[in-house]
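Structure record follows, encoded as structure tokens.
Protein chains: 2
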Amino acid sequence: MAELTGNCLIGQSGGPTAVINASVAGAVSEALNHSCIEEIYGCVNGVLGILNEDFIDLAAESQQTIRGLKHTPGAALGTCRYKLKKQQDFDRVLEVFKAHNIRYFFYAGGNDSQDTADKISKLAQQQGYELRVIGIPKTIDNDLPITDHTPGYGSVVKYICTTVKELACDNEAMGQHDLVSILEVMGRSAGWIAAGAALAKRRDHPYDAPHLIYLPEVPFTTEKFVEDVRRVLKREKYCLIVVGEGLVDPDGNYVSTSSAQTDAFGHSQLGGAGDYLKDLVEKHLGIKARSAKLGIPQRAAAHCASKADVDEAFMAGAAAVKAAVSGVTDKMVTLIRAEADHYVCETGLADLSDIANGVKKLPREWVNEDGVSMNHQFVRYATPLIQGESTPPYDHGVPMFARLDKVPVDKVLQPYET
Amino acid sequence: MAELTGNCLIGQSGGPTAVINASVAGAVSEALNHSCIEEIYGCVNGVLGILNEDFIDLAAESQQTIRGLKHTPGAALGTCRYKLKKQQDFDRVLEVFKAHNIRYFFYAGGNDSQDTADKISKLAQQQGYELRVIGIPKTIDNDLPITDHTPGYGSVVKYICTTVKELACDNEAMGQHDLVSILEVMGRSAGWIAAGAALAKRRDHPYDAPHLIYLPEVPFTTEKFVEDVRRVLKREKYCLIVVGEGLVDPDGNYVSTSSAQTDAFGHSQLGGAGDYLKDLVEKHLGIKARSAKLGIPQRAAAHCASKADVDEAFMAGAAAVKAAVSGVTDKMVTLIRAEADHYVCETGLADLSDIANGVKKLPREWVNEDGVSMNHQFVRYATPLIQGESTPPYDHGVPMFARLDKVPVDKVLQPYET
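Residue numbers (this note's numbering), protein chains in the order written: chain X, 1 to 418; chain E, 1 to 418.
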């Protein structure tokens, strides 16, 4: 494969995570090692930044800032949920790439974002414009296929497990009478995040909190729920419940939908499963319940990030650049669990189209028969992903996050109407 | 003052905090230094443990466990919200104290708990039973009078500021269109906790998040709220709001009460102010809003505790023992801000009755004229309280908290019907 010389563009898309900036840090750091990459640009707010020709010069950022990205939540380049729809949008992307001699495009995101990357890649091939496109996996949802797991997942699980353990200490202290405590966590269509709470249990202590985990994969009925809570309260002084926001009834309808709004990809915006369960407890059991909804903060909790996750996110960003420079295109970096006695994570590559069109479901056989707890196979899978503590530097008692200078790249084209 | 020889009893009361166990650790550690204190008992679930003669032997716990309490949230001895009502209850307390030769009683809690301690102390004096009673301040609400601040407050503020800074990174990343993000925090009758979120702003960056802070002290109107949000969104891409759960309208009614339940002290159980504001934004501004409700986890967040707070909680526990041994009784330990160039915290003593009957209000003059931000006086007051990071040890990726062995002390009396 002949060396391809030109500029590279890095973008972030979809919901931010605690570690998506670590992937950008990994990509930038690696790009600096390769002379075939001339300029290192970032696109502001994902594909919207491409359409608007809104690029910043990442090489102009200080090394300190790039290093700081490893501990900074959110998406430092800005992200978007904009979906490229019309052919005109795709043509514009190529026009902008050509205008800035973009020959390497790295896009960190989930299924929808990898679909976008795939379409851009295919169009460039059709038009004979040499472009190498590599996706970087990102999503707290852990639902990308082929890759063993996804950067962002380990950190949200670590934060939730930490919260569960702390909440359990608080609940246990109040042990005068029945107490039901509900923690609502993210997870639109898959229970990966809620399931992760199982790691809060000590080994060989199946009765530790969380006592009940409700997953979108297991159809919810009020009858079983009330029975589950009763069973726990016969044994324990309190009942700590973790519920995924996307809980569905046996007909597949969300048990609670806070509004009828949908996002640009047609997904329902959820919320309120925790309060829904709280009401059920109070109504059917006459017991006081309390709920907390971690909301967006859970995917941004860099102060409680998993070091394994941060390191793998960085590695995935670097691996994307290495693959592209070596001639690969139209792939996403995957994480592979090496065959070894202890956990070792390596990177691989998968076709973007396979990523875009697949979903990794939580294996039903990893859920115990009771439907509200996870078995050892899940624990073995997920435990390595939350190991090690990555904490940001603190200044005056609060975390100090990196901010990009965002030196703009001169525009050379006419504005585009999105 | 003649030396008083006998056993000591330590209890915890009211809502747990991230650092109330550090106070127990401080009291136990100090008690071991004094030969006049023979046995070191803990009462299980506050005054209920006294009524039920439910004591544990704290001296039997390993040093490792006592040290671990410094990082363990909840209330390791168990807590309660039981209020001693009838004379019979008080008589029982003295009966139990006499039966176990309890001569030192240390009670960590808020106003209601200090009131209980005061009444026990007064009754012992009346009956000529020599007993030294010292309260240890505890409450995330920071509303105890006389003391400069209260252990537990600094840690909840540090956690909320950390969450605000992380949420701001996430919100900023989504900067395509107006976004309103709401974080509901605790604070039944005072805005100390919500006000603390102001420390998330960098110095000299008044436009940093949180953009709007709604306090129970400032009567809430929909008109001003809508205007406030509009003003912020003219200037910023997103609007991050922190709201105290006890927000009231100009008539003094809670804007949102999730249920009509009240606790044993007659306090309303609140919740839902965040969702209430979310609905207002969507209804009046037609803008998508997201809310998170930190709930109980915020007062249990030992993984993000303030080192200053942990150290002061420990110091307050030790100071209680020192005071009692030196002959003091019927007082609560206070924290005093020493007159010095830099922040130095010392301990003092105040009458239990003065603590029980007072409330420290958030000074209205520390709130800016806009009613939704705090001035430099508040920042100067609160900043020292969140300094330093205290983190628990981790095991397999999750925090490891201390658990008491709880070796029971033999009961010598007949059971008591509470």
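Cβ coordinates follow ideal geometry from the N, Cα and C atoms, glycine included.
Proximity test, Cβ basis, 8 Å: residue i and chain E
i        : result
X/Gln261 : Note that X/Gln261 scores 45 on pLDDT, short of 50, meaning its location in the model is unreliable; the coordinates nonetheless yield the value given after this. By this cut-off, X/Gln261 is an interface position.
X/Tyr394 : yes
X/Leu294 : yes
X/Phe401 : yes
X/Leu352 : no
X/Glu312 : no
X/Thr162 : yes
X/Thr79  : yes
X/Lys158 : yes
X/Asn45  : yes
X/Ala301 : yes
X/Val398 : yes
Contact with chain X by residue i, beta-carbon distance below 8 Å
i        : result
E/Lys70  : no
E/Arg290 : yes
E/Cys304 : yes
E/Val28  : no
E/Ala75  : yes
E/Pro297 : yes
E/Leu413 : no
E/Gly109 : no
E/Pro16  : yes
E/Val243 : no
For residue i, the residue or residues it bridges with in DSSP
i        : result
E/Val367 : E/Met374
E/Asp57  : E/Tyr41
X/Phe106 : X/Ile10, X/Ile134
X/Cys239 : X/Val180
X/Gly460 : The structure shown has nothing for residue 460 of chain X, since chain X only spans 1 to 418.
E/Leu212 : E/Ile241
X/Gly74  : X/Thr17
X/Pro399 : X/Tyr394
E/Glu389 : E/Ser306
E/Val185 : E/Gly244
Three-way DSSP call (helix, strand, coil) for residue i in this model
i        : result
X/Asn101 : coil
X/Pro250 : coil
E/Pro453 : Only positions 1 to 418 of chain E appear in the structure, and residue 453 of chain E is not among them; the question remains open.
E/Cys345 : strand
E/Met332 : strand
X/Lys293 : strand
X/Ile66  : helix
X/Ala350 : strand
E/Pro384 : helix
E/Ala305 : strand
E/Val156 : helix
E/Glu312 : helix
X/Val93  : helix
E/Val24  : helix
E/Arg230 : helix
E/Arg337 : strand
E/Leu422 : No answer is possible for residue 422 of chain E: the residues shown for chain E start at 1 and end at 418.
X/Glu166 : helix
X/Val281 : helix
Same chain, Cβ closer than 6 Å to residue i, five either side skipped, listed in chain order
i        : result
E/Leu413 : Glu53, Ala99
X/Cys345 : Glu312, Leu335
X/Asn21  : Leu69, Thr72, Ala76
E/Asp263 : Confidence at E/Asp263 is low in this model, with a pLDDT of 46, below 50, so the placement of that residue should be treated as unreliable; the coordinate-derived value is given next. If we look at E/Asp263 and ignore the five residues flanking it on each side, its Cβ neighbours are Arg81.
X/Thr147 : Pro137, Thr334, Leu335
E/Gln114 : Gly135, Met332, Leu352, Ile355, Ala356
E/Ala402 : Thr65, Gly68, Leu69, Thr72
Cβ-based neighbour list, residue i, same chain, cut-off 7 Å, excluding 5 preceding and 5 following
i        : result
E/Phe220 : Tyr214, Leu247, Val248, Asp249, Val255
X/Val407 : Ile56, Asp57, Ala60
X/Val281 : Val180, Val229, Ile287, Ala289
E/Leu4   : Cys36, Arg103, Glu130, Arg132
E/Trp366 : Met374, Asn375, Gln377, Phe378
X/Leu144 : Gly110, Asn111, Pro137, Thr150, Ile355, Lys360
(request) Please name the residues in the region 368–388 of chain E whose beta-carbon is closer than 9 Å to at least one beta-carbon of chain X, in chain order. (result) Thr383, Pro384, Leu385, Ile386, Gln387, Gly388
(request) Give, in chain order, every residue of the region 164–193 of chain E whose Cβ lies closer than 7 Å to some Cβ of chain X. (result) For the region 164–193 of chain E, the residues whose beta carbon sits under 7 Å from a beta carbon of chain X are, in order, Lys165, Glu166, Leu167, Cys169, Asp170, Glu172, Ala173, Met174, Gly175, Gln176, Ser181.
(request) Return the residues of the region 199–220 of chain E that lie within a Cβ-Cβ distance of less than 7 Å from chain X, sorted by chain order. (result) Under the 7 Å Cβ criterion, the region 199–220 of chain E contributes Leu199, Ala200.
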